[in-house]
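If you read the sequences in order, they're chains E and V. Its first residue numbered 944, the first sequence is counted upward by one per residue in my numbering. Its first residue numbered 103, the second sequence is counted upward by one per residue in my numbering. Backbone N, C-alpha and C define an ideal beta-carbon position, used for all residues, glycine too.
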Amino acid sequence: MTVFLVLIVIILFVIAIWQMTKIYKLSKPVKKDGEIQDVANNKDNRINAKLMLMFLVFLYFLMAYCFWNYSKFYPPEASSAHGGLYDNLMFITLAVIMFVQLITQVLIHWFSYKYHGKKGRKALFYADNDKLEFVWTIIPVIVLSGLIIYGLFTWSDIMNFEKSDDALVVELYAQRFNWKARYSGEDRILGNANVRFVEGVNTVGIDASDDDGMDDVITQELHLPVGRQVIFKLRSQDVLHSAYMPHFRAQMNVVPGMITQFSFTPTVTTEEIRETDYIQEKMRRIKKIRTEKSKELVASGQAQLDDYENFDYYLLCNKICGQSHYNMQMKIIVETEEEYQEWIKGQKTFRQTIAQQ
Amino acid sequence: MSAHAPALDHGHDDHAHHHKQTFINKYIFSTDHKMISRQYLITGLIMGIIGIAMSLLFRLQLAWPGEKFAIFELLLGKWAPDGVMDPSIYLSLVTIHGTIMVFFVLTAGLSGTFSNLLIPLQIGARDMASGFLNMVSYWLFFLSSVIMVSSLFVESGPAAAGWTIYPPLSALPESIPASGMGMTLWLVSMAIFIASSLLGSLNYIVTVINLRTKGMSMTRLPLTIWAFFVTAIIGVVSFPVLLSAALLLIMDRSFGTSFFLSDIYIGGEVLHNSGGSPVLFEHLFWFLGHPEVYIVLLPALGITSEIIATNSRKPIFGYRAMVASILAIAFLSTIVWGHHMFISGMNPFLGSVFTFTTLLIAIPSGVKAFNYITTLWKGNLQMNPGMLFSIGLVSTFITGGLTGIILGDSTLDINVHDTYFVVAHFHLVMGISALYGLFAGVYHWFPKMFEGKLMNKNLGYVHFWVTAIGSYAIFFPMHFIGMAGLPRRYYSNTAFPYFDDLADVNMMITVAALITGAVQLVFLYNFIHSIFYGKVGAKNPWRSNTLEWTTEHKHIHGNWEGAIPHVYRWSYDYSKLNEDEDDYVIAGQDYVPQNIPLQENEEEMNH
């Protein structure tokens, strides 16, 4: 039935256009001599020039609206040490490009309005001006050099990190469609591993002949002590994945056949970020949306949505990996050193896991 | 330049071309560039309808995830049980949408159409260097289109690994069923497409180099031709690399090699593959993938350069700088591919190099944008639909291009990589901009394609304004949900309650997309209606300088009835005044076509 309706709407739409053009043709006055139909005349130029101006207003309104209402979507203040650098660079770059955007869009649409065609108007024959072109070549060169240099220093800070003495080494293990974390245990060395060792309880393929691996701890949640450098070693079991942790401004692809790495130092605990105005406000908004949605669902006889009471950091998969790609996530908990030690002690080591078998 | 044309160069041309034309060699296996161009355009438009329809389908799913739609049931059949879209077909839709739009619509549909139409006409040639290869090129394109479309009907579903088809996902049917037959057809289709593209490009290059009419020096070429010429060169340089990637992938899939596969445990068993690397595939893919962006965009920029100059009644500002920036963009485009791979696991030092080269592209692009704006300044702008789309292109090219400065910066890429920020960026800068170029070209050169008929301007205005507002309404807000960290290629965002407050924006975007999609029907109607009932305009309706407007309405084999016109000037003598500055060079006419010799009382320029 609905299909039928859709088809009717489409057909009616086409007929409407057809009729409109017919009416338009009939209502058209006899054309003046020398004027070709369907080539813009003075009236068209005038109307479209005004529309150009109105379009500029629309565009400015749209940009203002988006910045005003949607800026709040930008993730909260970074929860990692390098995140501040990232945000700084982002805001400077945004300011520069919005400045250019605001000026150039005015010029395009204003000129289109101001110089719209008129009978008798003479265009200026203006083919070249080396000085002018030099100016708008050299200004971008200078601005971009600044951005490039700033960007490259930040990049190098983030990527060419030095391993600190107390760094925590964690392996993120990706498999369709979930994540696991492997901690290096007491010896602080991750044991050798390869998918060829995956069997039974040995879910991440630790080489059982390597002593370093025996005290490794495999978990479903990622717990990180605040203020301590974490070095992630990323390994995939099957296809490409990408470990994306937006609140820490961190992302790295996970590639089968190689170990990639990324490092950051978490600076804000889960407890702390829940207390921030940003998250409180965000949770209020989301709770409102979810309550309303749940009401609708219940009214239509469906189950209501799961509760979403507390914010948690998350890690999500950001490289298409199959059907359930959209739901491949892991909870991240940033906590104090004591809480972390407490938690890790409660986890089973690889030795314990295989012994239990 | 001498005005005495030696009779020599007409030796071949003057004997009448009266081959008997049958239906088959006129409409189907035609070797005439004008017919081939129409074939490209119509095939491209049909593929465009499919591609855009797909985007509307998955936009519905994104706005109302898991909701039932009768249209899903109707079009997707078993992939939408009870009208709810299946996650695998969602991935197929985004994959095929990307493939079709990038390759079939914006590469073949845009460059194929206008390179074929305009290269011979604007340089003053009877046809392409090889009409036969040109025909083969089209039919290979057609074949690849048919294979791509037929892959939609495969039992296990069309390819679904994203248009970038990264292995191992695309190599292993164990990971997604769509990587079986669907992916095979995708690869076969693309291999044929690449052959088509190469034949076409080689032909364009040879034609531009060898068949220019007397007086048409390279510095007198219209910018359209420069753009098509350089586009063809980039195509020849980069498309073969995609073919090699596709071949290696085919070997990995079918013959047990390990170019891209290593250490994989899937479906409960370990694969034998060892030593390959998906990163290698990414390098090969993006070695084409990035230049491809410019293969799509440069023709659009060439088309708008021509249309803006003509309709502003002014020479294009900074012709030499425009040519130089086309060359610079083309050169740089081949050494920036790594910016798609900053976080792929490649060495961070490489990331630095690619950041550097990538941000350099902003310079020639900026020069182009400023030169367009200056061309508008103090013009006498004729607001024809083609002109509106050209102005629209400059606007979206700038908006979309600027966000490239964020994505091209390896640092900033970390947190917006593969989010909707990227989607918004490339849709504005290459999707919408190139589509505007395509529309501008169709409105402008419709009379040349369809024997003097013009498209209805009022429908054109409706088409433009709704599209212009709609495209911004779709893609501008999209940047913000991307910055929020919303990943692309997610079937639904409901698994993350954190994204719940973005749902409204997604709905708004979908509504805008539906409206913008609907208004394209106005264009289609106008296009088809005008082919049959369009008003025949003057021989040179836009009062343009280029050579194609010196031909008659009626298409003839060889383009010009008599001798090929000679060229005595560049194509941008609009509103040029005589030496006394009391009137135009030709009194009362604000343009001087390229085939008009230097007039008395006219100052000679460098061109």
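Query: Contact defined as beta carbons within less than 8 Å: I believe Gly1094/E pairs with Asp511/V. What is the distance between those atoms, to the nearest angstrom?; Result: 4 Å
Query: Quick one: which chain E residues come within Cβ less than 8 Å of Ser674/V?; Result: Per the sequence shown, residue 674/V should be read as Tyr rather than Ser. Within chain E, the residues near Tyr674/V are Ala1070.
Query: In three-state terms, what does DSSP make of Arg415/V?; Result: coil
Query: For Val1112/E, which residues from the same chain have a beta carbon less than 7 Å from its beta carbon, with the 5 sequence-adjacent residues on both sides left out?; Result: Ser1127, Arg1131, Leu1133, Ile1174, Lys1176
Query: Give the DSSP-derived three-state secondary structure of Gln1299/E in the structure shown.; Result: helix
Query: Using 8 Å as the Cβ pair cut-off and three pairs as the minimum, do the stretch 526–537 of chain V and the stretch 384–393 of chain V touch?; Result: no
Query: Where does Pro1189/E sit, in a helix, a strand or coil, going by DSSP?; Result: helix
Query: Just the C-alpha distance for Arg1178/E and Gly1200/E, rounded to the nearest angstrom, thanks.; Result: 8 Å
Query: Could you tell me the boundaries of the alpha helix (DSSP H) in which Glu1114/E lies?; Result: Per DSSP, Glu1114/E belongs to no alpha helix (DSSP H); it is in the beta strand (DSSP E), 1111–1118.
Query: Please say whether Asp692/V and Arg415/V have beta carbons closer to each other than 8 Å?; Result: yes
Query: Output needed for Gly1265/E: all residues of its chain with C-beta closer than 6 Å, excluding positions within five of it in sequence on either side, in chain order.; Result: Arg1119
Query: Out of curiosity, what's the CA-to-CA distance linking Asp1154/E and Asn517/V?; Result: 37 Å
Query: Evaluate the contact criterion for the stretch 224–237 of chain V versus the stretch 300–317 of chain V: three or more CB pairs, one atom per stretch, below 8 Å.; Result: yes
Query: Which residues of chain E have a Cβ atom closer than 9 Å to the Cβ of Val613/V, listed in chain order?; Result: Near Val613/V there are no residues of chain E at all, since even the closest Cβ is about 14 Å away, more than 9 Å.
Query: If you reduce the DSSP assignment to three classes, tell me which class Ser232/V lands in.; Result: coil
Query: Which of the residues in the stretch 249–268 of chain V, read from start to end, lie with their CB under 8 Å from any CB of chain E?; Result: Ala263, Gly264, Tyr268
Query: Nearest by alpha-carbon distance to Trp1286/E: which of Val1198/E, Leu1167/E, Leu1115/E, His1059/E is it?; Result: Leu1167/E
Query: In the DSSP assignment, what residue or residues form a beta bridge with Arg1125/E?; Result: Glu1114/E, Ile1161/E
Query: On the CB-based measure, 16 or more other CB atoms within 10 Å of its CB, does Ala1021/E come out buried or exposed?; Result: buried
Query: I'd like to know if Arg1139/E contacts chain V, where contact means its C-beta is closer than 8 Å to some C-beta of that chain.; Result: yes
Query: Would you mind giving the Cβ-Cβ distance between Thr653/V and Asn697/V, rounded to the nearest angstrom? I have them listed as a contact below 8 Å.; Result: With 8 Å as the limit, Thr653/V and Asn697/V do not qualify as a contact, their Cβ atoms being about 11 Å apart.
Query: Whole angstroms is fine: what's the gap from Ile327/V's alpha carbon to Leu399/V's?; Result: 14 Å
Query: If I measure Cβ to Cβ from Gln701/V and keep anything under 8 Å in the same chain, skipping five residues before and after, which residues do I get?; Result: Asn680, Val687, Ile688, Val694
Query: Which residues in the same chain have their Cβ closer than 7 Å to the Cβ of Met707/V, if we skip the five residues on either side of it in sequence?; Result: none
Query: For a quick check, are the C-beta atoms of Gln1033/E and Leu514/V less than 8 Å apart?; Result: Gln is not the amino acid found at residue 1033/E; the sequence shown has Met there. Yes, these two residues count as a Cβ contact at 8 Å.
Query: Report the partner residues of Leu386/V according to the DSSP bridge assignment.; Result: Looking at the DSSP assignment, Leu386/V forms no beta bridge with any residue, so it has no partner.
Query: Quick one: what's Ile1149/E bridged to in DSSP?; Result: Ala1136/E
Query: Per DSSP, Thr1292/E is paired with what?; Result: Val1160/E
Query: Residues in the same chain with beta-carbon distance under 6 Å from Tyr593/V, minus the five sequence neighbours each way, listed in chain order, please.; Result: Pro189, Tyr192
Query: Please compile the residues from chain E whose C-beta is within a distance smaller than 7 Å of the C-beta of Gly420/V.; Result: Asp1071, Glu1076
Query: Can you tell me where the alpha helix (DSSP H) holding Thr460/V begins and where it ends?; Result: 450–478
Query: Return the first residue and the last residue of the alpha helix (DSSP H) that Ile154/V is part of.; Result: 135–165
Query: Look at the alpha carbon of Ala1124/E and the alpha carbon of Gly1143/E, and state the distance between them as a whole number of angstroms.; Result: 17 Å
Query: With three or more beta-carbon pairs closer than 8 Å as the criterion, would you say the stretch 254–262 of chain V touches the stretch 280–288 of chain V?; Result: yes
Query: Which whole-angstrom value is the C-beta distance of Tyr674/V and Pro417/V, which I expect to be below 8 Å?; Result: 4 Å
Query: Assess contact between the stretch 475–490 of chain V and the stretch 436–450 of chain V, defined as three or more Cβ pairs (one per stretch) separated by less than 8 Å. Is contact present?; Result: no
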